[in-house]
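**Q** Counting with my numbering, you get residues 112 to 593 for the letters of the sequence shown.
Note that CB positions come from ideal geometry on N, CA and C, so glycine has one too.
These figures come from a predicted structure and were not determined experimentally.
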Amino acid sequence: MGDKGINRRALGALAVGGAAAASLSGCERAGPTEATVKSRQFPSDFVWGVATAAFQTEGSPTADGRGATIWDTFEKLPGKIKDGSNADVATDSYRRYAEDVDLIAGAGLKAFRFSMAWSRVLPTGSGTVNAAGLDHYERLVDACLAKGIAPYATLFHWDLPQALQDKGGWSARDTAKSFADYAAAVAGRMGDRLKHFITLNEPAVHTVFGHVLGEHAPGLKDIALLGPTTHHMNLGQGLAIQALRAAHGDLKIGTTQALQPCRPAGGAAAFWNRPASSGLDALWNRAWLDPLLKGTYPGLMDDFLKGHVRDGDLKTVRQPIDFLGVNYYAPAYVKLDLASPSHIAPGAPPKGAELDAFGRQIDPSGLAEVLKMVRDDYGNPPVMITENGCSDPFGNGPAVIDDGFRSQYLRRHLEAVKSAMESGSRIGGYFTWTLIDNWEWDIGYTSKFGLVAMDRTTGVRTPKASYAWFRQVATTGTLPTA
Ligand code: IFM
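(1) Between the alpha carbons of Ser453 and Gly561, how many angstroms are there, rounded?
(2) Count the other CB atoms, across all protein chains shown, that sit within 10 Å of the CB of Phe223; report buried if there are 16 or more and exposed otherwise.
(3) Under a Cβ-count criterion, where at least 16 other Cβ atoms within 10 Å of its own Cβ denotes burial, should Phe267 be classed as buried or exposed?
(4) If contacts are defined as beta-carbon pairs under 8 Å, then Ala351 and Thr310 qualify, I think. What distance do you get, rounded to the angstrom?
(5) For the alpha helix (DSSP H) that Thr144 lies in, which residues bound it at each end?
(6) Indicate the three-state DSSP secondary structure (helix, strand or coil) for Val494 in the structure shown.
(7) Between Leu336 and Ala398, what straight-line distance do the alpha-carbon atoms span, to the nearest angstrom?
(8) Could you round the C-beta distance between Ala165 and Thr497 to whole angstroms and report it? I think they count as a contact, below 8 Å.
(9) Heavy atom of ligand 1 less than 8 Å from the Cβ of Met500, yes or no?
(10) If you drop the 5 nearest sequence neighbours on each side, which residues of the same chain put their C-beta closer than 8 Å to that of Thr592?
(11) For a test of your reading of the model: does the CB of Ser558 fall under 8 Å from any non-hydrogen atom of ligand 1? Yes or no.
(12) Do the CB positions of Val563 and Asp548 come within less than 9 Å of each other?
(13) From the DSSP output, in three-state form, read off Val485 for me.
(14) For Lys462, does the three-state DSSP call read helix, strand or coil?
(15) Which residue from Pro189, Gly535 and Tyr293 puts its Cα closest to that of Ser237?
(16) Figure out for me which residue from Ser230, Gly244, Leu391 and Trp159 has the closest Cα to the Cα of Ala369.
(17) Return the residue from the list Trp159, Pro154 and Arg140 that minimises the CA-CA distance to Leu521.
(18) Can you tell me where the beta strand (DSSP E) holding Val437 begins and where it ends?
(19) Closest to Pro143 by CA distance: which of Gly506, Glu465, Trp580 and Thr568 is it?
(20) Have a look at Ala510 and Tyr408 and give me their C-alpha separation to the nearest angstrom.
(21) Beta-carbon within less than 7 Å of Leu590's beta-carbon, same chain only, minus the 5 sequence neighbours each way: which residues are those?
(22) Just to confirm, does Val602 get its C-beta within under 8 Å of one of the non-hydrogen atoms of ligand 1?
(23) Ignore the nearest five residues each way along the sequence and tell me which others in Asp422's own chain have a CB closer than 8 Å to its CB.
(24) Relative to the alpha-carbon of His322, which residue among Ala358, Asp246 and Ile181 has its alpha-carbon at the smallest distance?
(25) Per DSSP, Thr573 forms a beta bridge with which residues?
(26) Can you find the residues in the same chain that come closer than 8 Å, C-beta to C-beta, to Pro329, ignoring five residues on each side of it along the sequence?
(27) Pull up the distance between the alpha-carbon of Asn396 and that of Asn384, whole angstroms please.
(28) Going along the chain, which residues of its own chain have a beta-carbon closer than 6 Å to the beta-carbon of Ala379, five neighbours each way excluded?
(29) Flag this pair as yes or no: are the beta carbons of Phe308 and Ile364 separated by less than 9 Å?
(30) Among Met565, Ala257 and Lys193, whose alpha-carbon lies nearest the alpha-carbon of Arg304?
(31) Just to confirm the assignment: which complete beta strand (DSSP E) runs, minimum length 3, are found wholly within the segment 370-402?
(32) Using a Cβ distance threshold of 8 Å, determine whether the segment 197-216 contacts the segment 340-350, with at least three qualifying pairs required.
(33) What would DSSP say about Tyr263, mapped onto helix, strand or coil?
(34) Could you tell me if Ala357 is buried or exposed, where buried requires 16 or more neighbouring beta carbons within 10 angstroms of its beta carbon?
(35) If distances are taken between C-alpha atoms only, which option among Leu188, Ile538, Arg572 and Ser502 comes closest to Ala441?
(36) Where does Pro272 fall in DSSP's three states?
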């Protein structure tokens, strides 16, 4: 590893080491993970909601002139999706959106975070707007408003139009401009009613898993794409925020980042793992937060970004936002690996750690840690928790309806949220992931995160125990003790 801590070679090795991560054992013991709260009562204006994404739920991939996306292409490649499935039906929410909205209202929730499929609005990513695609989202927005639910629309949740990918995707600078045009088309049509926008969802995941590891669409494995993809997504976000504000001055605009504390495997004593964890922190967390909130990139990214950042870009990227969306599931562990050329690789959670279905540590203290980072390192911006939740154990079996484990996961993470608020974090809401068991990207239907189960033959929806639990929390604003 060079003196910059992480470089192209280093990240390449991290990618290679990814698959082996689960089998490596940590050498420190799991520490305490729970937060303590002074009061279990959330403020009366705290926003309770649920989050979904277009590709994972809508189905109807060619309806009303929708163009192909990179996930339509990727899911059909042999061996890419764990259960060989595709999202052609998913939760059928393009057609059954009104039922979904009824379920959200039935849970007493006042906000719905969904994403729009760029290729429904602009089938080839740029150029002519498809009015029929916008009609669908207008119907969805109106259905929410009619039930007193605030719609929060994410503009990009990984389903890039294939036509743009054919021209280089996010590694091409022009995609940033097309993204702003798409944002303007949406706001121009419905910004009079749709007041909450989220520009990007978890761009770090899309960049690393889609362009470096090849495990997500577009399925590329090229470390040289890390810099341009990161920068053009940041640039596109800046241009889109400008376009949204130009369309309607009263919009509330945020971005959603997958924040993870990056911890050296083996704990603080394993000081040799620290440069690796700082490197991951730079490209995973700070390459998105720093340019947006400070107008700079972390120095550890210099090697990747060389030649891609033009004069004036960082001014465009640094736009005022109304809230920072934080998605949190688990901390990341990183270790020095002398067997790899770069000496870095993913590490394992500490021994004895409680693990989720993905083999990651269930650790609410990681959420507290990223919220503290946002508070202390980034000027304490308003935050919305835009995703948090857990999956059933993986498999093709039926969903677990009596899912007390999910309510416990949510309760423990909500305690971390409340505790952070008591320490000064400006957190305005919490969206759980997700409403209905849906299509979980490269692992298909084997993972189930929903408050509601779905029969994939009939489409019939069955609320789980966690649905009633979350309703109780959302309608009273009070966290139960167990
Ligand atoms: O399903 C995903 C979502 O699309 C992005 N955030 C994490 C979720 C669970 O893995």
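**A** By the coordinates alone:
(1) As a first step, residue 453 must be located in the sequence shown, where it is residue number 342. As a first step, residue 561 must be located in the sequence shown, where it is residue number 450. Bear in mind that a pLDDT of 45 at Ser453, under 50, signals an unreliable position, so the model cannot answer this.
(2) As a working mapping, residue 223 is identified with position 112 in the sequence shown. Classification for Phe223: buried.
(3) For the purposes of this step, residue 267 is taken as residue 156 along the sequence shown, with counting starting at 1. Result: buried.
(4) Residue numbering aside, residue 351 sits at position 240 when the sequence shown is read from its first letter. Residue numbering aside, residue 310 sits at position 199 when the sequence shown is read from its first letter. Correct: roughly 5 Å between the Cβ atoms.
(5) Along the sequence shown, one-based indexing puts residue 144 at 33. No alpha helix (DSSP H) holds Thr144; DSSP gives it neither H nor E.
(6) As a first step, residue 494 must be located in the sequence shown, where it is residue number 383. Looking at Val494 - three-state DSSP - the assignment turns out to be strand.
(7) In the sequence shown, counting from the first residue as 1, residue 336 sits at position 225. In the sequence shown, counting from the first residue as 1, residue 398 sits at position 287. If I take the Cα positions, the gap works out to 14 Å.
(8) Locating residue 165 in the sequence shown gives position 54, counting from the first residue. Locating residue 497 in the sequence shown gives position 386, counting from the first residue. Contact flag wrong, Cβ pair sits at about 15 Å.
(9) Numbered from its first residue, the sequence shown carries residue 500 at position 389. A small fix is needed here, since residue 500 is Gly in this sequence, not Met. Yes, the Cβ of Gly500 comes within 8 Å of a heavy atom of ligand 1.
(10) Here the question's residue 592 lines up with position 481 in the sequence shown. Around Thr592: Arg151.
(11) For the purposes of this step, residue 558 is taken as the residue at position 447 of the sequence shown. Indeed, a heavy atom of ligand 1 lies less than 8 Å from the Cβ.
(12) The residue you call residue 563 lines up with position 452 of the sequence shown. The residue you call residue 548 lines up with position 437 of the sequence shown. Contact: yes.
(13) If you number the sequence shown from 1, residue 485 lands on position 374. Note: Val485 maps to helix in three-state DSSP.
(14) Counting from one through the sequence shown, the residue named residue 462 turns up at place 351. Three-state DSSP puts Lys462 in a strand.
(15) As a working mapping, residue 237 is identified with position 126 in the sequence shown. Residue Tyr293 is the option with its Cα nearest to Ser237.
(16) Locating residue 369 in the sequence shown gives position 258, where the first residue counts as 1. Of the listed residues, the one whose Cα sits closest to Ala369 is Leu391.
(17) Start at 1 with the first residue of the sequence shown, and residue 521 comes out as number 410. It is Trp159.
(18) Taking the first residue of the sequence shown as position 1, residue 437 is located at position 326. Segment Phe434 to Asn438, the beta strand (DSSP E) holding Val437.
(19) For this step, residue 143 is matched to residue 32 along the sequence shown. Taking only the C-alpha atoms, the option nearest Pro143 is Glu465.
(20) Sequence index remark: in the sequence shown, residue 510 carries index 399 (1-based). Sequence index remark: in the sequence shown, residue 408 carries index 297 (1-based). Roughly 43 Å between the two C-alpha positions.
(21) Here residue 590 is taken as the residue at index 479 of the sequence shown, counted from 1. Hits under 7 Å: Arg151, Arg522, Leu525, Glu526, Lys529 and Val584.
(22) The first residue shown for the chain is 112 and the last is 593, placing residue 602 beyond what the model contains.
(23) Within the sequence shown, the letter at position 311 stands for residue 422. Same-chain partners within the cutoff: there are none.
(24) Locating residue 322 in the sequence shown gives position 211, where the first residue counts as 1. Comparing Cα positions, the closest option is Ile181.
(25) For the purposes of this step, residue 573 is taken as the residue at position 462 of the sequence shown. Ala564.
(26) Mapped onto the sequence shown, residue 329 falls at position 218. Cβ within range, chain order: Ile181, Thr184, Phe185, Leu271, Gln276, Gly280, Gly321 and His322.
(27) Your numbering for residue 396 matches position 285 in the sequence shown. Your numbering for residue 384 matches position 273 in the sequence shown. Looking at the two C-alpha atoms, the distance is approximately 18 Å.
(28) Within the sequence shown, residue 379 is the residue found at index 268, counting from 1. There are no such residues.
(29) Numbered from 1 along the sequence shown, position 197 holds the residue referred to as residue 308. Numbered from 1 along the sequence shown, position 253 holds the residue referred to as residue 364. Yes, the pair counts as a contact, with Cβ atoms nearer than the cut-off.
(30) One-based indexing of the sequence shown puts residue 304 at position 193. The residue with the shortest Cα to Cα distance from Arg304 is Ala257.
(31) 373-375
(32) no
(33) Position 152 of the sequence shown, counted from the first residue, corresponds to residue 263. Three-state DSSP puts Tyr263 in a strand.
(34) Numbered from 1 along the sequence shown, position 246 holds the residue referred to as residue 357. So Ala357 counts as exposed.
(35) Position 330 of the sequence shown holds residue 441. Among Leu188, Ile538, Arg572 and Ser502, the Cα nearest to that of Ala441 belongs to Ser502.
(36) Taking the first residue of the sequence shown as 1, we reach residue 272 at position 161. It is a strand residue.
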